[in-house]
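These notes concern the structure reproduced below.
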Amino acid sequence: MNKIMIIGVSAGAGKSTFARRLGELTGIEVTHLDCLYWKPNWVEAPPEEFTAAQRQVVQNDQWVIEGNYTGTFTIREPHADTIIYLELPLQVCLYRVLKRRIQFHGKTRNDIGEGCKEKLDKAFLKFIVSTFGARKKKMMERMQRYAQEGKTVHYLKTSAQIEGFLETYNRGDLL
17 MNKIMIIGVS AGAGKSTFAR RLGELTGIEV THLDCLYWKP NWVEAPPEEF TAAQRQVVQN
77 DQWVIEGNYT GTFTIREPHA DTIIYLELPL QVCLYRVLKR RIQFHGKTRN DIGEGCKEKL
137 DKAFLKFIVS TFGARKKKMM ERMQRYAQEG KTVHYLKTSA QIEGFLETYN RGDLL
């Protein structure tokens, strides 16, 4: 487990938190794609810049990259040896997105671009709800393909499974 992609079914699945904790356990530097994508005040990075930043990270001997950005999966997929997929229920994801909005009101999280104060709008909530089922199906297809390609795939569907994975790694059982 040296080049790890952490992806999830939705915002609020716990990708950033999981990546941070795994990075602490492994000592591997974590890259949050939101930090590469978002410029101050929620301005999107130019596609070439976002792509180049990812290409640079995947050249490292070890990395944890967290975030979906499915349009750039092809940059990370060939290099990743481990895929960790978080698929919590829609209600849990929505709850966490709302909780995060309250918890970080007026602040910028450390897993997002600098100067991007926490926000939540109707369009984002609608996106989460309206695309959840289709994304879940597409991600399952990806996980099957990754496994067929010989990558190590961890499919975590509950908070207990997520905690169990981290505890197992901490004990040295996944080394």
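At position 137 of the sequence shown (counting the first as 1) the number is 153 in this note's numbering, and the numbers step up by one without a gap. The beta carbon of each residue, even a glycine, is placed where N, CA and C say it ideally should be. Because the structure is a prediction, the values reported are computed rather than measured.
Please report the distance separating the alpha-carbon of Leu-49 from that of Gly-83.
5 angstroms
Could you name the residues that DSSP lists as bridge partners for Trp-54?
Glu-60
Secondary structure of Leu-104, DSSP reduced to three states:
Note: Leu-104 maps to coil in three-state DSSP.
Check for me: the beta strand (DSSP E) holding Met-21 runs from which residue to which?
19-24
When you compare only the Cα positions, how much space is there between Ile-91 and Ala-35?
19 angstroms
Mind listing, in chain order, the continuous beta strand (DSSP E) runs of no fewer than 3 residues lying wholly within the segment 66-107?
You should have 79-82 and 98-102.
Could I get the ranges of all uninterrupted alpha helix (DSSP H) runs contained in the segment 128-189, with 4 residues as the minimum, in chain order?
138-164 and 175-187
Would you call Lys-135 buried or exposed, if buried means 16 or more other Cβ atoms sit within 10 Å of its Cβ?
exposed
Taking its Cβ as the centre, do 16 or more other Cβ atoms sit within 10 Å of Phe-66, making it buried, or is it exposed?
buried
List the residues that DSSP assigns as beta-bridge partners of Thr-47.
Answer is Ile-81, bridged to Thr-47.
For the 8 angstroms Cβ check, are there 3 or more pairs between the segment 102-112 and the segment 70-87?
no
Over the uninterrupted alpha helix (DSSP H) stretch that includes Phe-34, give me the two end residues.
31-42
Distance cut-off 7 angstroms: Gln-160 Cβ against heavy atoms of the ligand MG:
With respect to the ligand MG, the structure offers nothing, as it holds no ligand at all.
Euclidean distance between Cα positions of Gly-180 and Val-169:
A direct Cα-to-Cα measurement between Gly-180 and Val-169 gives close to 15 angstroms.
Give the straight-line distance between the Cα atoms of Arg-151 and Arg-117, rounded to the nearest whole angstrom.
Spanning the alpha carbons of Arg-151 and Arg-117 requires a straight line of approximately 23 angstroms.
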